[in-house]
Every structure is written in C-alpha cells, then in structure tokens.
Amino acid sequence: MTEILQVELAERSYPVYIGTELWDIYGEVSNRLRKDGRRVAVIADSTVAKKHPHLLKYLLTMGEKPLLVPGGEKSKSVNALTKVYNWLAEQSVDRHGAVFAVGGGVIGDLAGFAAASYLRGLDFYQVPTSLLAMVDSSVGGKTGINLKAGKNLVGAFWQPRGVFVDTKFLQTLDEREFACGMAEIIKYGLLADADLFQQIERTPVWRWDHPGLPALIYDCCAIKANIVANDERETKASGGRALLNLGHTFGHAVENVTGYKEYRHGEAVGLGLVLAARLSQKLGWLPSTAVTRIERVVQSAQLPVRLRKKISAEKLLEAMKLDKKARNGKLRFIALRRIGQAETVDDVPEKLVRELWRKAGAS
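Encoded structure:
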C-alpha cells in the first residue's frame with residue numbers, strides 16, 4: 004500500500020509517496036518527462052547501485068547512464084559539486100531537464116544544490132535510500148554542501164517536484180546507518196509529537212521490515228511538511244523551521260571537529276539530542292526523569308550518549324559559533340519545554356555549554 008503526503012507550498016506543492024517497491028510510480032514520472040523531450044539526469048549513490056544491481060539497470064531506462072557518487076560526507080564538497088556540474092554539461096542537460104537524486108542525505112543535498120544552481124534551476128526529484136533521508140533530508144528543500152569551516156554553509160532552498168520513499172531500499176542498509184535514521188525519528192517525537200516518542204520508547208528495537216515503520220516515516224514527514232509549509236526559509240524570529248535543528252547545533256560541532264570521520268550524521272545528532280535534553284533541564288524546563296527517558300531511548304537505538312573519545316570543549320564551542328543559527332556570534336539552541344514541545348533559546352551562557360560538553364566527555 005502506498006501513502007501519499009502532500010507538502011503544501013502553493014504552486015510549488017509536491018507529493019511524498021511512501022510505500023514498498025515504487026518502481027511504477029517514479030518510472031511513470033521519468034517516462035513522462037522523457038516523452039516531453041526533457042533530459043533526465045540521474046545522480047546515484049555508488050554503494051546503493053552496487054547493492055541494488057536491478058536499480059542500476061532500471062535507472063538506465065530513465066535516461067542516460069547515471070553519475071555514481073560515493074555517499075560519504077566528503078561528497079558534500081566543492082570538488083564533488085564541480086564534477087556534477089561538468090557531468091550535467093557533458094550530458095547536454097538544458098533548462099528543461101530534470102535531476103533525480105537516488106541515495107541518502109549526502110546525495111540528496113549534493114544533487115539538490117546542483118539542480119538549484121545549474122542553469123539557475125532544474126526540476127529535482129528525490130529517491131531517498133536511507134532511513135535518515137526518508138524521514139528528514141529528502142523533504143523540505145534544504146540543499147547544500149560543507150566547507151572546511153562548517154557543515155551546510157553553502158546551499159539553497161530548492162524544493163523537489165516529488166519524493167519517492169521506497170522502504171525496500173532499507174533492506175540492505177547497514178545497522179549503523181539505520182540507527183542514524185532513528186536519531187531523526189526520535190527528534191521528531193521530541194520536538195512535536197509525544198505519542199510518537201512513546202511509540203519508539205515502547206519498541207526499542209526497529210528493523211526495516213517492522214510493520215509500523217512506514218507509518219512512523221509518514222508521521223515524521225507530516226511533521227516536517229507542516230513546519231516547512233509555515234516557515235519554508237527559516238525566517239521566523241523564534242520557533243518555525245529552526246525547531247527541526249533540535250540536537251543539530253551540538254551534533255554539527257562534533258562532526259566538524261572530528262573531520263566528518265569519527266561520527267556519522269545521525270550519531271552526532273543522537274548525542275546532540277541528549278545534550279539538548281540536558282540543556283533543557285539546566286534551563287528548568289525539563290525534569291530529570293524526562294532526560295533519563297531520552298537518554299535511554301537514544302542509547303537503545305544504538306546511538307552515542309557520550310563522546311567516544313576526548314575532544315576539546317573549546318574547539319567544540321568555536322565550531323558551534325559557526326553554526327547557521329548563531330546570531331551576532333551568540334549561540335542559539337533548540338530546547339525542550341517538555342517531550343513533544345520545543346522552543347528556540349538565545350543567549351545561552353558559554354559557561355553552561357562548556358559544562359554540558361565536559362559532562363559528555365569533552366576535555
């Protein structure tokens with residue numbers, strides 16, 4: 004059974020299809036594009052293509068030979084972006100062409116930014132293949148690449164024309180990457196849906212074929228779609244789309260300081276959720292019992308609740324100041340009023356943040 008969720012953005016609204024084996028649906032879209040004389044350019048994760056040889060064969064029917072890109076954070080770079088631009092030029096993709104991104108969040112962000120900027124904008128479709136991309140990065144239109152100074156510092160808001168969430172891809176997803184997706188699912192429960200959080204709490208172990216997983220994915224996408232519809236470009240002074248960054252200010256700092264090698268994105272976010280909960284407790288918002296519940300759920304999802312090895316608290320603080328949410332050099336966080344309700348917080352003292360890092364194992 005396929006569920007369809009609509010992201011409501013007036014003339015730029017688009018559907019999110021959620022189901023198993025959606026070949027016919029995105030095949031129909033790509034065939035319609037080609038019948039209209041439009042070039043279809045497929046950018047795919049090389050590991051996904053290797054694990055799903057039938058996918059690679061199918062992609063060849065959608066257009067020219069796909070560009071295969073490694074799925075790691077190194078691919079969210081200026082060098083990788085330049086390769087995509089040159090490839091699009093070699094494929095003679097014109098302004099009527101369309102880009103399909105087949106892969107996890109890295110491929111979606113890279114291909115999406117290329118689509119947003121090449122020839123000043125091409126239509127773009129997402130085929131997420133990781134749990135994290137399915138519940139988060141494929142919906143909402145944030146695209147971009149990393150710089151040495153920080154994560155996602157170059158990018159654009161560029162909404163896809165459609166998203167195809169095919170849970171069959173999760174069959175070959177490794178356990179560590181599946182856990183990364185669970186971090187984002189936990190995030191959605193914490194920031195907007197206490198019942199969703201309790202559902203994860205009641206079922207600490209999830210697998211790709213769990214009968215309740217498609218509904219969980221739908222709920223996360225629905226939360227994000229609603230937030231994006233009300234604050235697409237994250238311009239609200241408080242609340243709004245910024246709430247989706249719960250745990251990310253801490254998490255991005257960990258990724259940056261460790262050179263995007265030690266932690267995968269979802270692992271850093273999992274740790275960030277724990278630190279955001281502890282911050283909320285320090286602010287007097289969240290009781291210790293709630294913090295314990297959050298730590299337990301994060302840990303049961305095979306995500307870290309402490310740093311794996313010592314990192315300088317000062318380096319982490321410096322990385323946080325480069326976060327996109329920082330204003331005038333001051334740190335800005337998302338904290339929890341309660342499980343299921345988040346708020347933006349300004350002017351958190353550096354002393355408190357340093358204390359939180361040290362409690363998490365920083366030096």
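All residue numbers for the sequence shown refer to the numbering used here, where the first residue is 4 and numbers rise by one. Beta carbons are placed, not taken as given, at the ideal position from N, Cα and C, and that holds for glycine.
Following the DSSP letters along the chain, one finds residue 344 inside the beta strand (DSSP E) bounded by residues 344 to 349. By the neighbour-count criterion, in which a residue is buried when 16 or more other Cβ atoms sit within 10 angstroms of its Cβ, residue 187 is buried. Residue 325 and residue 152 have their C-alpha atoms spaced approximately 7 Å apart. The Cβ-Cβ distance between residue 91 and residue 121 falls below 8 Å.
Counting only runs that start and end inside the segment 46 to 98, the alpha helix (DSSP H) elements of at least 4 residues fall at 49 to 54, 56 to 65 and 81 to 93. Counting along the chain, the unbroken beta strand (DSSP E) around residue 6 starts and ends at 6 to 10.
Under a 10 Å Cβ-count criterion, residue 79 is classified as buried, with 16 or more other Cβ atoms of the shown protein chains found around its own Cβ. With contacts defined as CB atoms closer than 8 Å, residue 300 and residue 180 fail to qualify as a contacting pair. Separation of residue 182 and residue 246 (C-alpha to C-alpha, rounded to the nearest whole angstrom) is 21 Å. Counting only residues of its own chain and dropping the five nearest sequence neighbours on each side, residue 272 has a CB closer than 7 Å to the CB of 186, 187, 190, 250, 251 and 254. Between the segment 253 to 267 and the segment 37 to 53, the count of Cβ pairs shorter than 8 Å is below three; the stretches do not touch. Boundaries of the alpha helix (DSSP H) harbouring residue 301: 291 to 303, taken from the DSSP string.
In the structure shown, the three-state DSSP call for residue 162 is coil. Our two residues, residue 337 and residue 320, have alpha carbons roughly 16 Å apart in a direct line. Per the C-alpha coordinates, the member of 231, 274 and 305 positioned closest to residue 15 is 231. Taken through DSSP and simplified to helix, strand or coil, residue 125 comes out as coil.
Annotated three-state conformation of residue 356 is helix, per DSSP.
The criterion of a C-beta distance shorter than 8 Å is satisfied by residue 113 and residue 87. Around the beta carbon of residue 99, a 10 Å sphere encloses fewer than 16 other beta carbons of the protein chains shown; the residue is thus reported as exposed.
Burial check for residue 7: the Cβ neighbour count within 10 Å stays below 16, so the residue is exposed. For residue 146, the enclosing beta strand (DSSP E) starts and ends at 145 to 150. If you draw a 10 Å sphere on the C-beta of residue 53, you find fewer than 16 other C-beta atoms in it, and that means exposed. When secondary structure is reduced to three states using DSSP, residue 333 falls in the strand class. Under the three-state reduction of DSSP, residue 153 is assigned to strand. By the CB criterion at 8 Å, residue 297 and residue 193 fall inside the cutoff.
Residue 172 is positioned such that its CB atom lies no closer than 8 Å to that of residue 236. In the three-state DSSP reduction, residue 267 falls in the coil class, being neither helix nor strand. The Cβ neighbour count for residue 208, taken over all protein chains shown within 10 Å, is under 16; the residue is labelled exposed. Residue 101: not part of any alpha helix (DSSP H); member of the beta strand (DSSP E) spanning 101 to 106, first to last residue.
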